[in-house]
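> Take a look at this one; I'll ask things after.
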């Protein structure tokens with residue numbers, strides 16, 4: 035299907051077509067990649083010297099989209115665990131919609 | 548040229564180019580530093596405090612940046628003058644400059660044809676002489692592609708060498724901010740200012756500082772790898788081959804053809820990654836705290852990526868799309884790593900085809916194929932530059948020079964040597 039790429043508002047009908055088309059494109063791409071499945075390895079995260087030590091002082095900012103930034107208190111771990119809807123000693127239990135703002 | 552002269556020129560000529568979405572009538576700099584008096588245009592997805600970072604979308608039409616991106620802070624600290632925000636493909640989704648919600652950008656170097664994208668306005672602004680240089684962002688070729696079509700220089704720095712703090716992301720595992728300029732020396736100057744580690748971008752790393760004097764020296768004992776890749780437009784291949792032959796003869800450089808296995812799968816690897824990461828990154832545009840809900844105001848290409856990304860990241864498809872693409876990305880990285888043990892740089896056309904007419908009907912697959920030679924550098928994290936190589940019937944053709952990760956200075960040196968031929 036050929037069309038021009040100029041911006042226009044999208045109707046509900048076109049939205050459905052776009053969704054189907056996107057899935058179709060992704061299917062064809064995935065099929066091509068599946069031909070080299072055997073040659074692929076699991077991606078690894080190369081940390082080397084890139085791992086950062088968390089400072090005891092807070093270096094976290096909250097960005098207000100309407101202007102300015104404010105510094106948050108505590109380490110980023112404490113802030114994240116403080117906001118978490120459910121937690122254990124070393125992990126956070128997150129549910130969709132459960133995270134408080 | 549002074550800021551006032553540039554502003555006058557923009558006011559007079561921007562209507563026919565549409566390179567700028569917003570200009571700063573009161574633009575001024577400190578007058579001190581490496582960029583003192585230099586006038587810089589900024590792609591509308593990079594935050595400049597007080598300016599409209601709209602991403603050329605109705606979603607963020609009235610969004611004013613509350614802070615400066617790290618690259619902007621660095622530019623201002625060195626006396627650079629930010630003159631305005633440039634047009635682009637909506638949320639950087641596009642390679643033609645046509646998908647902006649505020650009308651397409653026009654190509655000053657090839658009237659009637661696309662300028663390329665997604666940093667369309669930045670490339671056009673440089674080509675139209677509206678500024679000294681510009682900033683763009685490059686996820687799969689968004690700096691190099693428009694640089695090629697507009698006949699200017701565009702650099703995608705090594706992944707993680709320039710901070711993305713303050714960039715509205717398309718795909719965080721691939722995005723990189725970089726310069727567009729009228730020549731290699733100017734691009735090197737701007738890159739030398741914006742590079743460096745930044746704690747606000749967790750993946751950023753310190754890399755070798757670019758020495759501008761070194762960039763001007765002709766490098767010796769260079770082995771060029773001429774990419775062995777079939778391009779249907781033979782005229783484009785001829786322009787590149789001729790340029791490489793001239794450089795080899797003049798400088799005594801060696802040339803050998805080089806194949807990069809799996810490079811023909813670059814598009815198939817790239818787009819699943821972008822669809823999923825873009826879908827994830829746009830969840831913040833829900834219209835509650837600022838802007839509008841993206842799904843209700845975005846154009847077709849943005850929606851394609853959001854709806855496609857939402858679909859293929861469902862748990863039921865685990866391992867089939869994103870994860871498979873991630874694994875294949877590693878293959879490309881490894882092949883480039885092997886190639887750079889044999890050659891100093893890899894050269895190809897930047898774009899394998901000439902730009903189409905603005906508003907032409909074109910399939911999604913054909914549109915995506917514009918990126919086939921630029922995407923690999925993003926997948927491998929290498930640095931890459933596009934420089935003007937010649938013209939075909941008056942249409943600019945760009946040549947891409949790729950070097951290994953963090954070899955940005957060597958890449959600029961080779962590019963500068965080509966420029967001196």
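Residue numbers (the working numbering), protein chains in the order written: chain A, 35 to 135; chain B, 548 to 968.
All residues carry an ideal CB built from backbone N, CA and C; glycine is no exception.
Owing to the predicted nature of the structure, the values given are computational and were not obtained by experimental measurement.
(1) First and last residue of the alpha helix (DSSP H) that includes residue 765 of chain B?
(2) Check for me: the beta strand (DSSP E) holding residue 801 of chain B runs from which residue to which?
(3) Skipping 5 residues on each side, what residues in its chain have a beta carbon closer than 7 Å to that of residue 951 of chain B?
(4) Roughly how many angstroms lie between the CA atoms of residue 37 of chain A and residue 854 of chain B, to the nearest whole one?
(5) Give me the residue from B/633, B/804, B/841 and B/764 with the minimum Cα distance to residue 966 of chain B.
(6) Residue 914 of chain B CB to nearest chain A CB: under 8 Å?
(7) Do three or more CB pairs link the segment 938-951 of chain B to the segment 881-896 of chain B at distances below 8 Å?
(8) In its own chain, which residues sit with a C-beta less than 6 Å from the C-beta of residue 891 of chain B, not counting the 5 before and 5 after it?
(9) Quick one, which of B/595, B/937, B/828 and B/556 has its alpha-carbon nearest residue 793 of chain B's?
(10) How is residue 552 of chain B classed by DSSP in three states: helix, strand or coil?
(11) What residue does the beta strand (DSSP E) around residue 946 of chain B start on, and which one ends it?
(12) Between the Cα of residue 731 of chain B and those of B/673, B/603, B/624 and B/788, spot the shortest distance and give me the residue it belongs to.
(13) Under 9 Å Cβ-Cβ, which residues of chain A neighbour residue 595 of chain B?
(14) Less than 6 Å between C-beta atoms, sequence neighbours within five positions excluded: which residues of the same chain meet that for residue 121 of chain A?
(15) The beta strand (DSSP E) spanning residue 702 of chain B covers which residue range?
(16) Excluding the 5 residues flanking residue 710 of chain B on each side, which residues of the same chain have their C-beta closer than 6 Å to its C-beta?
(17) Whose C-beta lies closer than 7 Å to the C-beta of residue 860 of chain B among residues of the same chain, with five residues either side of it excluded?
(18) Over what stretch of residues does the alpha helix (DSSP H) that includes residue 70 of chain A continue unbroken?
(19) Kindly list, in the order they appear in chain B, the residues whose Cβ is closer than 7 Å to that of residue 66 of chain A.
(20) Which runs of the alpha helix (DSSP H) spanning at least 4 residues fall entirely within the segment 709-784 of chain B, listed in chain order?
(21) Give the DSSP-derived three-state secondary structure of residue 937 of chain B in the structure shown.
(22) Distance, Cα to Cα, residue 818 of chain B vs residue 551 of chain B?
(23) Do residue 76 of chain A and residue 874 of chain B count as a contact pair if the criterion is CB distance below 8 Å?
(24) Look up residue 579 of chain B in the DSSP assignment and say whether it is helix, strand or coil.
(25) Could you tell me the distance, in whole angstroms, from the CA atom of residue 597 of chain B to the CA atom of residue 614 of chain B?
(26) Going by other Cβ atoms of all chains shown within 10 Å of its Cβ, with 16 needed for buried, is residue 692 of chain B buried or exposed?
(27) Would residue 894 of chain B pass as a contact of residue 926 of chain B if the rule is Cβ separation under 8 Å?
(28) Thinking just about the alpha-carbon of each residue, which of B/565, B/603 and B/579 is nearest to the one in residue 841 of chain B?
(29) Going by DSSP, name the residue or residues bridged to residue 840 of chain B.
(30) Listing by chain order, which chain B residues have their CB less than 8 Å from the CB of residue 72 of chain A?
(31) Please report how far the alpha carbon of residue 607 of chain B lies from the alpha carbon of residue 809 of chain B, in whole angstroms.
(32) For residue 128 of chain A and chain B, any beta-carbon pair shorter than 8 Å?
(33) Sort out for me which residues DSSP pairs residue 904 of chain B with in a bridge.
(34) Quick one: what's got a C-beta closer than 7 Å to residue 816 of chain B's C-beta in the same chain, skipping five residues either side?
(35) Which whole-angstrom value is the C-beta distance of residue 742 of chain B and residue 685 of chain B, which I expect to be below 8 Å?
(36) Specify the secondary structure class of residue 684 of chain B as computed by DSSP and reduced to three states.
Let's see:
(1) Careful: residue 765 of chain B lies outside any alpha helix (DSSP H) and carries neither H nor E.
(2) 801-805
(3) 887 and 929
(4) 18 Å
(5) B/764
(6) yes
(7) yes
(8) 769 and 770
(9) B/937
(10) helix
(11) 942-950
(12) B/673
(13) Per Cβ cutoff of 9 Å: no residues; residue 595 of chain B is ~14 Å from chain A at best.
(14) 115
(15) 700-703
(16) 617, 745, 748 and 751
(17) 823, 826 and 869
(18) Looking at the DSSP string, residue 70 of chain A is not in any alpha helix (DSSP H), and its letter there is neither H nor E.
(19) 812 and 815
(20) 731-741 and 759-762
(21) strand
(22) 42 Å
(23) yes
(24) coil
(25) 8 Å
(26) buried
(27) no
(28) B/603
(29) B/833
(30) Those do not exist, as residue 72 of chain A stays about 11 Å from chain B at its closest Cβ, beyond 8 Å.
(31) 38 Å
(32) no
(33) B/660
(34) 872, 875, 876, 879 and 926
(35) Contact doesn't hold; Cβ gap of about 14 Å is too wide.
(36) strand
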